[in-house]
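Asks: Submitted below is the structure of interest, expressed as C-alpha cells.
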Amino acid sequence: MNKPLLVLALGSAMVLSACGGGGGGGSTGGGTTTPPVTTTPPPATSTQSSITAANATSAASNAYAATTSVGASSTSLTDILTGVNVNRANINTVAPLLKLVKRAYGGQQLLTGVTQTQTQQCPGGGSLTIDATISNANNVSNGDILKVTANNCVDGTDTLSGAFTVNFSGVTGDINTPVFGVTMDSTFTNFSIVSGTDKVGVNGDMKVVLNQTSANNNTIVLSGNSLQTTEQQGSAAVVNRTVTAYTVKGKTENGVESSGANFGLSGTSPKLGTFSYTVKSLADFVFSSPTAVVPSSGSLIVTGNASSVTATVVPNGVRVDFSASGNGTITNTETVAWAAFLSSI
Numbered sequence: 180m181n182k183p184l185l186v187l188a189l190g191s192a193m194v195l196s197a198c199g200g201g202g203g204g205g206s207t208g209g210g211t212t213t214p215p216v217t218t219t220p221p222p223a224t225s226t227q228s229s230i231t232a233a234n235a236t237s238a239a240s241n242a243y244a245a246t247t248s249v250g251a252s253s254t255s256l257t258d259i260l261t262g263v264n265v266n267r268a269n270i271n272t273v274a275p276l277l278k279l280v281k282r283a284y285g286g287q288q289l290l291t292g293v294t295q296t297q298t299q300q301c302p303g304g305g306s307l308t309i310d311a312t313i314s315n316a317n318n319v320s321n322g323d324i325l326k327v328t329a330n331n332c333v334d335g336t337d338t339l340s341g342a343f344t345v346n347f348s349g350v351t352g353d354i355n356t357p358v359f360g361v362t363m364d365s366t367f368t369n370f371s372i373v374s375g376t377d378k379v380g381v382n383g384d385m386k387v388v389l390n391q392t393s394a395n396n397n398t399i400v401l402s403g404n405s406l407q408t409t410e411q412q413g414s415a416a417v418v419n420r421t422v423t424a425y426t427v428k429g430k431t432e433n434g435v436e437s438s439g440a441n442f443g444l445s446g447t448s449p450k451l452g453t454f455s456y457t458v459k460s461l462a463d464f465v466f467s468s469p470t471a472v473v474p475s476s477g478s479l480i481v482t483g484n485a486s487s488v489t490a491t492v493v494p495n496g497v498r499v500d501f502s503a504s505g506n507g508t509i510t511n512t513e514t515v516a517w518a519a520f521l522s523s524i
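Under our numbering, the first residue of the sequence shown is numbered 180, with each subsequent residue one higher.
Take a look at the structure:
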C-alpha cells in the first residue's frame with residue numbers, strides 16, 4: 180500500500196520483475212556526468228514567501244506532499260517517488276527507472292566493453308532506446324552507464340516518455356538477490372509518466388544510494404541539486420514543485436519504516452499560488468507497519484519570510500503550529516484531520 184510522505188523505506192526490491200526485450204541493435208551512444216550534489220538547503224531569506232495563519236496549513240501540506248516528489252514509502256522499491264493521497268497523482272517515478280534498468284540488462288544481450296545503442300519494444304506498445312556502456316551483461320557493475328529514452332512506452336498501466344541517464348557505482352552483491360548495494364547518479368530529461376488520467380513530469384538530478392541487507396531491512400539516501408516535478412490528477416489544476424539541495428534518508432527495519440528530509444521548495448499550487456520555502460525534518464516520520472497509510476509520529480518545519488509553520492503528527496491528525504515571527508513563538512495552533520490536511524494543497 181502506498182504512503183504519502185517522505186518515508187523511503189524499502190522491503191523487497193525483487194518485486195521489480197525483469198521484463199523481456201527485443202528489437203534491433205547498433206553502435207554509438209554515451210552518457211553524461213551528474214554534477215556534484217549540494218545538500219545544504221538554502222537559508223530562509225526575504226525572497227521567500229510569507230506564511231500566514233490563513234495559508235499555514237496549505238504551506239505545511241505542500242511541504243509534506245513535496246517530499247513525495249523526492250520519495251515515498253511502501254514495502255518495495257516500486258513506490259519510491261510515488262505521489263499518493265487525495266490530491267496527488269498516483270504515479271511512480273523511480274520504479275519505472277529501475278524497471279527499465281532491469282529491462283536493459285534482461286533484454287537482448289548487450290555487448291560488454293563498448294558503447295552501443297539498442298531498441299526494444301515495450302509490452303503494450305511504443306519502444307525504448309538504450310545507449311549502454313557496461314562491463315557485465317548480466318548484472319550492474321561499477322562504471323556502467325545507461326541512457327534510456329522512452330518513446331510512448333506502455334508498460335502495464337504506465338506510458339513513459341522522455342529520457343534518463345544512470346551512472347552506476349558502489350555496487351556490492353547482485354541486484355537480483357535480496358542482499359546488494361548500489362549507487363545510481365541519475366539525470367531526468369523531460370521524463371513523463373501517464374497513468375490513466377494522472378500525469379507526472381520530471382526534470383533534474385537525483386543520486387540514489389541503496390543498501391539492502393535482507394528482504395525486509397534496508398537503507399536508502401536520495402539527494403540532488405534540483406528536481407522539478409509537474410503533477411496533475413485528472414482535470415485538477417497542475418501543481419509545479421522544485422526541490423533544491425535535497426537530502427532524504429530512510430530505512431526499513433523489520434516492517435517499521437522511517438525517514439526524514441531537508442530541502443528548499445518552490446513552485447505553484449492552486450491554494451498557495453507561487454511559493455518559496457525551506458523545509459527541514461525535525462523528527463523522522465515513522466510508519467509502524469507495512470500497511471499503515473499515514474505515519475504514527477514525525478514532524479517538519481517550513482520556513483518562509485520571517486515566518487514558519489510546523490507540522491507534527493498527532494493521534495487524530497496533524498497539529499499545525501504557525502509562528503508569525505518565525506522565531507518559534509507560536510501564534511496559532513490547530514489540529515487538522517489527515518483528509519483535510521492532504522487536500523489543502
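Yeah, the Cβ is synthetic: ideal placement off N, Cα and C, and Gly gets one too.
1) Between the C-alpha atoms of V497 and K378, what's the straight-line distance to the nearest angstrom?
2) Which one or two residues does DSSP pair with C332 in a beta bridge?
3) I need the DSSP call for N549, collapsed to helix, strand or coil.
4) Mind checking A233: buried by the 16 CB within 10 Å criterion, or exposed?
5) Using DSSP bridges, identify the partner residues of N419.
6) Could you check whether V481 and A238 sit closer than 7 Å to each other, using their CB atoms as the reference points?
7) Give the single residue among G352, T356, P474 and F347 whose Cα lies nearest to the Cα of V387.
8) DSSP state of V265, grouped into three classes?
9) Figure out for me which residue from V473, V333 and S486 has the closest Cα to the Cα of A518.
10) When you compare only the Cα positions, how much space is there between S448 and A516?
11) In three-state DSSP terms, what is T139?
12) Is it buried or exposed, T514, if we count other Cβ atoms within 10 angstroms and call 16 or more buried?
13) Which value, in whole angstroms, describes the spacing of the CA atoms of I354 and A440?
14) Answer with buried or exposed for L256, where buried requires no fewer than 16 other C-beta atoms within 10 angstroms of its C-beta.
15) When DSSP builds the beta bridges, which residues end up paired with L401?
16) Alpha carbons only, please: which of D334, S320 and N315 is nearest the one belonging to P302?
17) So, under 8 Å CB-CB, S371 and G380 are touching, yes? Tell me the CB distance rounded to an integer number of Å.
18) Would G446 and N419 be called neighbours here (beta carbons separated by less than 7 Å)?
19) Does the distance between the C-beta of I372 and the nearest non-hydrogen atom of the ligand ADP fall short of 6 Å?
Replies: Answer, in terms of the structure:
1) Numbered from its first residue, the sequence shown carries residue 497 at position 318. Numbered from its first residue, the sequence shown carries residue 378 at position 199. Distance between the alpha carbons of V497 and K378: 28 Å.
2) Taking the sequence shown and counting its residues from 1, one reaches residue 332 at position 153. DSSP links C332 through a beta bridge to L339.
3) As displayed, the chain neither begins before 180 nor continues past 524, which places residue 549 out of reach and without an answer.
4) Locating residue 233 in the sequence shown gives position 54, counting from the first residue. Around the C-beta of A233, fewer than 16 other C-beta atoms lie within 10 Å, and the residue is accordingly described as exposed.
5) As a first step, residue 419 is located in the sequence shown; it is residue number 240 there, counting from the start. T409 and T447, per the DSSP bridge assignment.
6) In the sequence shown, residue 238 corresponds to position 59, counting from 1. In the sequence shown, residue 481 corresponds to position 302, counting from 1. Yes, they are a contact pair.
7) For the purposes of this step, residue 387 is taken as residue 208 along the sequence shown, with counting starting at 1. Among G352, T356, P474 and F347, the Cα nearest to that of V387 is on F347.
8) Taking the first residue of the sequence shown as 1, we reach residue 265 at position 86. Its pLDDT being 24, under 50, V265 is placed unreliably in this model, and the value from its coordinates should be taken loosely. Coil at V265, not helix or strand.
9) Residue mapping note: residue 518 aligns to position 339 of the sequence shown, counting from 1. Comparing Cα-Cα distances from A518 to each of V473, V333 and S486, the minimum goes to V473.
10) Within the sequence shown, the letter at position 269 stands for residue 448. Within the sequence shown, the letter at position 337 stands for residue 516. Near 21 Å, if we compare the C-alpha coordinates of A516 and S448.
11) In the structure as shown, the chain starts at 180 and stops at 524, and residue 139 therefore has no counterpart that could be examined.
12) Here residue 514 refers to the residue found at position 335 of the sequence shown. It counts as exposed.
13) For the purposes of this step, residue 354 is taken as the residue at position 175 of the sequence shown. For the purposes of this step, residue 440 is taken as the residue at position 261 of the sequence shown. If you draw a straight line from the Cα of I354 to the Cα of A440, it is about 26 Å long.
14) Here residue 256 refers to the residue found at position 77 of the sequence shown. At L256, the pLDDT of 28 sits below 50, so the modelled position is not reliable and the matter cannot be decided from this model.
15) Here residue 401 refers to the residue found at position 222 of the sequence shown. Beta bridge pairing from DSSP links L401 with V387 and V427.
16) Within the sequence shown, the letter at position 123 stands for residue 302. Minimum Cα distance to P302 is reached at D334.
17) Here residue 371 is taken as the residue at index 192 of the sequence shown, counted from 1. Here residue 380 is taken as the residue at index 201 of the sequence shown, counted from 1. Right, their Cβ atoms sit about 5 Å apart.
18) By 1-based counting over the sequence shown, the position of residue 446 is 267. By 1-based counting over the sequence shown, the position of residue 419 is 240. Yes, Cβ-Cβ distance for G446 and N419 is below 7 Å.
19) By its list of ligands, the structure shown contains no ligand whatsoever, and the ligand ADP lies outside what it can speak to.
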